[in-house]
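**Q** Taking our numbering, I'd label the letters of the sequence shown as residues 829 to 1104.
Quick reminder that beta carbons are idealized off the backbone N, C-alpha and C, glycines included.
Every value quoted in this text rests on a predicted model; they were computed, and no experiment measured them.
Please read through the structure below; I'll follow up with questions.
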Amino acid sequence: MATDETPDGRDDEHAVRLEAGAARLTILPDLGCRVGSLTVGGVELLRQGPNFGSFPMVPWCGRTRDGQFRNGGVLHQMPRDAGPHAIHGTGRHVAWRTAPGTTGGSACFYYDLAEPWPYKGRVSQRFELSEDRLDLTMSVETTDDSFPAQAGWHPWFLRNLGRGGQDALIDFTPGWMEERGDDHLPTGRRVETKPRPWDDCFGMPDGVDVTLTWPDELRLRITSPAEWVVVYDEQPPAICVEPQSGPPNGLNTAPRLVTPIDPLEVRATWAWEPLG
């Protein structure tokens, strides 16, 4: 796995940079259309490196058991890149295209689904940067058969902003925690929230609403109409807060069909407030 010192690609010739007030956003379409950098007042908020930043999870989120899912009576096999399972989708591994119309504060990107994903379709992602927020939208459309899909984001927010301040505090009130089995997949049981560290999925039926606060430095609120969020804080450098359209292994346990008349759309907002 890459280290914090691994170059983040911000000097890539295809990088797209957006600016709004003191906020600067760098998007790397050739590196899975991930956010390579988000700075506010010159302070980096994201862990650096080609495996980090913030990447899209699509057309599934988290782990899919044994890399397999069914669409009706058809069983499909995805590459197993997380032990016995398939993880985080294929979108983070491909180059995305930059759509026309990029302005100083917004940009759109897309790619067409292809092998190993067995269905035809298009995934689009839009970034809209303001002085105090980043609005994200991702959609999955089919150009042929209907299929189950998921979408979400996997940001690696720095646990410490590196200016001598305190580590980030996390605050949210989930409806439940999905019990995690020894295979790192939800068992199907909903339980009370257990102590950190977490690599766990939480249900938030009124929408994702999680706040990270670096005391006396910055407050960051992550919201989404999506009803699921994974929080991962087992690695010291970062805290991941991942809004997503369904739980891990959801292609099997909570399939959401993308049809020609009903695409999947997921939205999220990161809103910040300087405290210092």
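Give the DSSP bridge partners of GLN1072, in chain order.
**A** According to DSSP, GLN1072 bridges with GLY980, TRP1056.
**Q** Measure the Cβ-Cβ separation of SER1073 and GLN953 and say whether it is below 8 Å.
**A** Not closer than 8 Å, so no.
**Q** Between LEU1079 and the rest of its own chain, which residues show a CB-CB distance below 7 Å, the 5 nearest in sequence each way excluded?
**A** So the list reads TRP888, THR892, PHE897, PRO976, GLN978, once near-sequence residues are dropped.
**Q** What three-state label does DSSP hand LEU1103 in the structure shown?
**A** Three-state result, LEU1103: coil.
**Q** With which residues is PHE1030 paired in a DSSP beta bridge?
**A** PHE1030 pairs with MET1005, VAL1057.
**Q** Which word fits GLY860, buried or exposed, when buried means at least 16 other C-beta atoms lie within 10 angstroms of its C-beta?
**A** When all chains shown are included, GLY860 counts as buried.
**Q** State whether the segment 1001-1013 contacts the segment 1025-1032, with contact taken as three or more CB pairs (one from each stretch) at a distance under 8 Å.
**A** Yes, the segment 1001-1013 touches the segment 1025-1032.
**Q** Could you tell me the alpha carbon to alpha carbon distance between ASP1090 and GLY881, rounded to whole angstroms?
**A** Straight-line Cα distance between these residues: approximately 30 Å.
**Q** With a threshold of 7 Å on Cβ separation, who are the neighbours of ALA848 within its own chain once the five nearest residues in sequence on each side are excluded?
**A** Cβ neighbours of ALA848 beyond the five flanking positions: GLY933, LEU957, SER958, GLU959.
**Q** Return helix, strand or coil for HIS1012, following the three-state DSSP convention.
**A** Correct three-state label for HIS1012: coil.
**Q** Where LEU1092 and PRO1076 are concerned, what is the direct C-alpha to C-alpha distance, given to the nearest angstrom?
**A** In a straight line, the C-alpha of LEU1092 is about 17 Å away from that of PRO1076.
**Q** Answer yes or no: do THR885 and HIS921 have a C-beta to C-beta separation smaller than 8 Å?
**A** Correcting the residue type first, residue 885 is Met in the shown sequence and not Thr. No, the pair does not count as a contact, with Cβ atoms beyond the cut-off.
**Q** Is the separation between the beta-carbon of ALA923 and that of ASP840 shorter than 8 Å?
**A** Not a contact, by the Cβ cut-off of 8 Å.
**Q** How long is the line joining the alpha carbons of LEU1085 and GLU969, rounded to whole angstroms?
**A** Answer to the nearest angstrom: the Cα atoms are 10 Å apart.
**Q** Would DSSP call GLY813 helix, strand or coil?
**A** The structure shown does not extend to residue 813, since the chain spans only 829 to 1104, so no value can be given for it.
**Q** How would you label LEU1013, buried or exposed, when you count the other beta carbons within 10 angstroms and need 16 or more for buried?
**A** It is buried - the Cβ of LEU1013 has at least 16 other Cβ atoms within 10 Å.
**Q** Can you grab the Cα-Cα spacing for the pair THR930 / PHE955, in whole Å?
**A** Looking at the two C-alpha atoms, the distance is approximately 10 Å.
**Q** List, from N- to C-terminal side, the beta strand (DSSP E) runs of 3 residues or more that fit wholly inside the segment 855-883.
**A** The qualifying runs are 862-868.
**Q** Sorted by chain position, which residues of the same chain lie with C-beta nearer than 8 Å to ALA830's C-beta, five sequence neighbours on each side aside?
**A** Residue placement at ALA830 is poorly supported in this model, since its pLDDT is 30, which falls under 50; the coordinates still yield a value, given next. Excluding residues within five positions, the ones whose Cβ falls inside 8 Å are GLY877, PRO878, ASN879, PHE880.
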